[in-house]
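All remarks here apply to the structure that follows.
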Amino acid sequence: MNTTAQANRKHIVIYGETNSGKSTLFNSILGTETSIVSDVSGTTTDPVIKSMELIGYGPVVIIDTAGINDYSVLGKTRMEKTKSVLDRTDFAIYTINLSDYDCNEFLKFKAEFEKRKIPYMIVLTKIDLADKEAVCEFKAKYKGCVEFNANINKSANDLKKDLIKRLSEISDYETPLIGGLVPRGSIVILVIPVDSEAPKGRLILPQVQLIRDCLDNGIRCIVTDEIYLKETIEECKNVALVITDSQAFKVVSEIVPKNIKLTSFSMLMARQKGDIYKLIEGSKALKNLDDGANILIAEGCTHNKNHEDIGTVKIPKGLMKKEGKNFNFDFVNGHDFPSDLNKYDMIIHCGGCMVTEREYKNRINKSINNNVPITNYGVALAYISGILDRCIEIFS
Ligand code: SF4
Numbered sequence: 007m008n009t010t011a012q013a014n015r016k017h018i019v020i021y022g023e024t025n026s027g028k029s030t031l032f033n034s035i036l037g038t039e040t041s042i043v044s045d046v047s048g049t050t051t052d053p054v055i056k057s058m059e060l061i062g063y064g065p066v067v068i069i070d071t072a073g074i075n076d077y078s079v080l081g082k083t084r085m086e087k088t089k090s091v092l093d094r095t096d097f098a099i100y101t102i103n104l105s106d107y108d109c110n111e112f113l114k115f116k117a118e119f120e121k122r123k124i125p126y127m128i129v130l131t132k133i134d135l136a137d138k139e140a141v142c143e144f145k146a147k148y149k150g151c152v153e154f155n156a157n158i159n160k161s162a163n164d165l166k167k168d169l170i171k172r173l174s175e176i177s178d179y180e181t182p183l184i185g186g187l188v189p190r191g192s193i194v195i196l197v198i199p200v201d202s203e204a205p206k207g208r209l210i211l212p213q214v215q216l217i218r219d220c221l222d223n224g225i226r227c228i229v230t231d232e233i234y235l236k237e238t239i240e241e242c243k244n245v246a247l248v249i250t251d252s253q254a255f256k257v258v259s260e261i262v263p264k265n266i267k268l269t270s271f272s273m274l275m276a277r278q279k280g281d282i283y284k285l286i287e288g289s290k291a292l293k294n295l296d297d298g299a300n301i302l303i304a305e306g307c308t309h310n311k312n313h314e315d316i317g318t319v320k321i322p323k324g325l326m327k328k329e330g331k332n333f334n335f336d337f338v339n340g341h342d343f344p345s346d347l348n349k350y351d352m353i354i355h356c357g358g359c360m361v362t363e364r365e366y367k368n369r370i371n372k373s374i375n376n377n378v379p380i381t382n383y384g385v386a387l388a389y390i391s392g393i394l395d396r397c398i399e400i401f402s
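Note that my numbering numbers the sequence shown so that position 193 is 199, with each residue one more than the last.
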């Protein structure tokens with residue numbers, strides 16, 4: 007379980023005012039002293055992130071955020087970071103110290119959770135110090151609140167049990183990477199070029215996940231590079247689909263006979279994580295971009311860049327060459343994603359193997375709501391290579 011990627015774990019995020027017992031609760035759930043606990047307001051600055059196995063539920067990520075009422079100079083930046091975590095929150099815990107809390111801040115966050123359809127739990131902390139009548143009143147007004155006393159082991163155990171129950175009630179359906187696209191028993195070929203961008207001695211996450219998804223869905227997969235692809239196809243009968251690294255689209259599409267469907271890892275990842283249909287729709291704007299258009303290239307992780315880097319080199323060069331125009335490119339990675347998208351005419355996002363489904367979908371929806379077309383690397387590269395229609399046929 008410890009090897010489950012963070013992007014595949016439910017993200018449980020603890021919010022609350024400074025000194026409301028967030029870090030104590032975080033440590034109690036983890037059973038460690040990961041987050042520094044202190045009575046000094048604002049002890050937690052950047053979000054503290056830990057992966058854990060929540061026995062009885064499964065692998066999760068727990069995030070402790072900075073207090074929402076930190077009015078210091080640095081507090082504004084911390085608050086922005088705390089708010090940006092909302093984009094990847096699958097389940098929220100809001101801590102309240104009834105002896106000292108701001109009801110308006112609580113109601114603002116409560117409304118935000120509800121607007122974003124984030125299931126949440128209100129935890130009344132430092133309950134041993136709270137006025138009993140105030141506790142009863144609050145619990146009567148906000149049903150389902152949980153009391154928490156950090157000094158009593160049973161309290162932490164009860165809270166974890168409640169948390170597990172509520173997490174189990176969240177729909178856990180995950181769109182498969184390939185399951186459902188080809189029948190069980192089919193043969194698919196995965197083309198994995200071992201070029202200067204390939205990490206030494208291992209496969210990258212989307213490739214590993216796709217092999218596992220094939221096994222989960224009774225699909226037989228054969229792995230090769232582009233050099234042995236022709237022979238591999240000739241030796242196999244009834245290949246249902248070839249899946250390639252998007253960067254090898256051009257050479258692979260020339261090798262794969264037209265009667266065999268073709269797509270990319272990135273497109274399958276977008277099907278699972280986001281909404282492949284919206285990303286295909288967004289790609290229609292690529293051909294209408296004006297000279298000087300502003301394009302945002304977003305990646306879900308940071309990695310070393312080289313002269314063949316897909317996001318910073320291949321896509322910008324390929325797109326400008328295809329359209330015969332000059333474009334301006336901005337690049338963001340990891341959890342950074344601009345809050346103001348107004349200056350952009352197009353967004354091209356990576357496959358997003360390192361971001362959660364919720365975060366990926368939030369980015370797609372935010373772009374569409376701001377009237378900025380969004381597509382992904384695989385779709386953009388298929389467009390640049392002139393084989394988009396062929397590569398999206400499998401999704402129709
Ligand atoms: S750039 Fe995107 S698709 Fe590539 S490894 Fe990072 S998160 Fe995954």
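Note that beta-carbon positions come from the ideal geometry of N, C-alpha and C, so glycine has one too.
Identity of the residue in the options nearest residue i by Cα
i              : options                        : result
methionine 127 : Lys171, Ala136, Leu135         : Lys171
glutamate 59   : Ala11, Cys151, Ile390          : Ala11
aspartate 168  : Gln278, Ile282, Ile99          : Ile99
asparagine 300 : Gly330, Ala204, Ile354         : Ile354
valine 248     : Pro263, Ile195, Gln215         : Ile195
leucine 173    : Pro189, Asp219, Thr95          : Thr95
lysine 243     : Ile35, Leu325, Asn265, Lys121  : Asn265
serine 402     : Thr269, Gly392, Lys293         : Thr269
methionine 273 : Asn159, Met326, Cys359, Asp297 : Cys359
glutamate 120  : Val129, Ala136, Leu92, Leu135  : Leu92
asparagine 25  : Lys284, Ser57, Asp70, Arg190   : Asp70
glutamate 363  : Asp281, Asp346, Gly392         : Asp281
cysteine 220   : Gly207, Glu241, Ile193         : Ile193
lysine 331     : Lys284, Leu295, Lys320, Leu387 : Leu295
glycine 37     : Pro322, Ala162, Glu329, Ala146 : Ala162
glutamate 180  : Asp222, Lys206, Asp201, Lys160 : Asp222
alanine 246    : Asp315, Glu111, Gly186         : Gly186
glycine 403    : Arg208, Gly207, Glu203         : Since the first residue shown for the chain is 7 and the last is 402, residue 403 is missing from the structure and cannot be characterised.
Collapsed DSSP secondary structure at residue i in the structure displayed
i              : result
proline 65     : strand
methionine 7   : Because the pLDDT at methionine 7 is just 43, under 50, the model does not fix this residue reliably, and the point stays unresolved.
valine 361     : coil
alanine 246    : strand
arginine 208   : coil
leucine 268    : strand
valine 258     : helix
serine 402     : coil
cysteine 227   : strand
lysine 149     : coil
valine 194     : strand
isoleucine 124 : coil
leucine 394    : helix
valine 200     : coil
lysine 349     : coil
lysine 16      : strand
leucine 135    : helix
leucine 295    : coil
Counterpart residues of residue i in DSSP-defined beta bridges
i              : result
lysine 56      : Ile68
tyrosine 21    : Tyr100
alanine 304    : Val338, His355
asparagine 382 : His355
valine 188     : Gly185
leucine 325    : BP columns for leucine 325 are empty, so no partner.
Contact check, residue i vs residue j, beta carbons under 8 angstroms
i                 : j                 : result
proline 125       : phenylalanine 97  : yes
arginine 15       : proline 53        : no
tyrosine 383      : serine 252        : yes
tyrosine 389      : serine 289        : yes
isoleucine 217    : cysteine 227      : yes
tyrosine 21       : isoleucine 74     : yes
leucine 104       : valine 141        : yes
phenylalanine 271 : isoleucine 303    : no
alanine 254       : glutamate 232     : yes
threonine 131     : phenylalanine 115 : no
isoleucine 198    : glutamine 213     : yes
alanine 156       : serine 29         : no
lysine 256        : serine 391        : yes
glycine 340       : cysteine 307      : yes
isoleucine 393    : serine 259        : yes
leucine 285       : isoleucine 261    : no
alanine 13        : valine 385        : no
aspartate 201     : glutamate 314     : yes
glutamate 175     : aspartate 108     : no
Residue i Cβ short of 7 angstroms to the ligand SAM heavy atom set
i           : result
proline 212 : With respect to small molecules bound, the structure shown includes the ligand SF4 and not the ligand SAM.
**Message:** Threshold first: 3 residues or longer. Then list the beta strand (DSSP E) segments lying entirely within the segment 93 to 120, N to C.
**Reply:** 97 to 102
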